[in-house]
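According to the working numbering, the sequence shown is numbered sequentially starting from 1304.
Even for Gly, the Cβ is constructed at its ideal location relative to N, Cα and C.
On a predicted model such as this, the values are computed, not experimentally measured, just so you know.
Worksheet: one structure, shown below.
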Amino acid sequence: MTLARREFDVAVVGRGIVGLAHALAARRSGKRVVVIDRHARAIGASIRNFGFVTVTGQERHNMWPLAYRTRDIWADIAPRAGIAVEQTGLVLPVRRKAAVAVLEAFMNTEMGEDCRLLSDAQLQTLDGETGFAPCEAALVSPHELRVEARMAIPAIANWLEREMDVTFAEPTSVLACEPGRVMTNRGEIQAEAIFVCPGDDLNGLFPDVMAECEVTRCKLQMLRLAAPGRRLARPLMSDLGLVRYEGYAVLPEAAALATELRAEQPAQLDAGVHLIVAQSADGSLVVGDSHEYSDAPDPFQHERINALILEEFTAVLGPPPPVIERWTGSYAWSSRQNWFSREVGPGVHVTVVTCGAGMSTAFAIGERVIEATLNAPIKEIADA
Ligand SMILES: Cc1cc2nc3c(=O)[nH]c(=O)nc-3n(C[C@H](O)[C@H](O)[C@H](O)COP(=O)(O)OP(=O)(O)OC[C@H]3O[C@@H](n4cnc5c(N)ncnc54)[C@H](O)[C@@H]3O)c2cc1C
């Protein structure tokens, strides 16, 4: 839409989940908010992911509490925004004794609260319909929820506009941000506070900040498989996830598992492959993924990598149904931190989630950044 007003309290650049999270938190603190993006709808990482809001397995000290809070906000806004929660929880069946040791160690931390470690027989009783291959043990977590990202992200934007009185500017590239002013290729927008949430746009608005924070891109390959004719009670991960997700991977017991995986599945480790399987309302399965790190990754799907993903699928769930869709995605990534928010000028902030957990942490990060910068209490969503 063409803006009738060009002055706001808060301008947010980016309509991915991180930008929407900042817009929500700013609106809850009573601010007049505009969201600006070069695209008419989100087409980046936020609609290409699993829609898996993951708590269990997140990095223990920072990301795990952020994920808990973010999960609660998703649960609060989903019914308001007309978003279906497709699945809840997580099941992680493992087929190696070294992986069981990691899960046992995990259960002994505070992060294991309300999770269960099941035997193969107990898993078959719980989720018999899923058709798991035999396993050594399985972690079952109740904490997660899963939405269909490609529908949920536009639904949040619609709800923010319709019910929360957030303004969405016409599609326009932001060329520069200065204190109080956002310069776009459709004119200037004024705002007291500006939050730039550009995702993996490394060389756009603040390349020096991206360089200082050592941000690069992570490219992922994703698949959708035809409905297998059986229900998965909850999203699923496997042994490979235990050496990728920090909440497990930094436990001392993970070192032996990593050695075993290096010997037995080197191709998967080299391609950064681990397994997530989530099921959509029509029964189809979203399956991934791989991880390749580069400032400018190629945009192509490599069948060799898809085969590695499907090999892991087969080990856990048996022969896969046909692939019906393939896509790539990329997100901002850094080995230095999982996310950052920097004030780059008076009232101008850049927030980037630099790991693959933006869907799981953005709402809490948005609250934290807005609380720290706007000096205004954030109301409950129902009262905002
Ligand atoms: C395949 C895949 C699977 C994933 N799985 C999960 C998962 O299961 N769980 C999880 O928690 N996370 C997952 N992630 C990570 C998660 O998707 C990201 O962390 C998150 O979406 C990042 O959100 P964002 O808003 O920063 O970026 P984006 O969604 O990319 O949005 C950034 C927006 O900024 C806009 N923009 C940038 N610069 C400008 C400018 N100058 N002017 C105007 N507009 C601009 C862009 O147009 C874009 O719309 C996954 C990611 C991928 C790719």
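Residue range Gly1661 to Leu1677 is occupied by the alpha helix (DSSP H) that includes Glu1674. The beta carbons of Val1403 and Arg1374 sit no closer together than 8 angstroms. For Glu1563 and Ala1552, the gap between their C-alpha atoms comes out near 14 angstroms. By the beta-carbon neighbour count (other beta carbons within 10 angstroms, threshold 16), Glu1515 is exposed. Non-local C-beta neighbours of Glu1310 in its own chain, meaning closer than 7 angstroms and more than five positions away in sequence, comprise Gln1493, ordered along the chain. Straight-line spacing of the CA atoms in Gln1361 and Cys1418 works out to 14 angstroms. DSSP lists Arg1520 as the bridge partner or partners of Ala1635. Where Val1619 is concerned, the enclosing alpha helix (DSSP H) starts and stops at Glu1606 to Leu1620. Here the C-alpha atom of Ile1320 lies approximately 20 angstroms from the C-alpha atom of Lys1682. With a threshold of 16 other beta carbon atoms within 10 Å, Asp1340 meets it and is buried. Beyond the five residues adjoining it in sequence on each side, Gln1640 comes within less than 8 angstroms, by CB distance, of Cys1516 and Thr1657 in the same chain, given in chain order. Rounded to the nearest whole angstrom, the CA to CA distance from Ala1557 to Glu1567 is 15 angstroms. Judged by the Cβ position, His1342 qualifies as a neighbour of ligand 1 at the 7 angstroms threshold, a heavy atom of the ligand being closer than this.
Relative to Ala1384, the option among Ile1346, Val1358 and Glu1464 whose CA is nearest is Glu1464. Within the model, the alpha-carbon separation for Gly1333 versus Arg1318 is close to 19 angstroms. Here DSSP, grouped into helix, strand and coil, assigns Phe1435 to coil. Taking a C-beta distance under 8 angstroms as the contact criterion, Val1619 and Phe1435 qualify as a contact pair.
If you check the CB distance, Val1653 and Phe1509 come in under 8 angstroms. Under the three-state reduction of DSSP, Phe1409 is assigned to helix.
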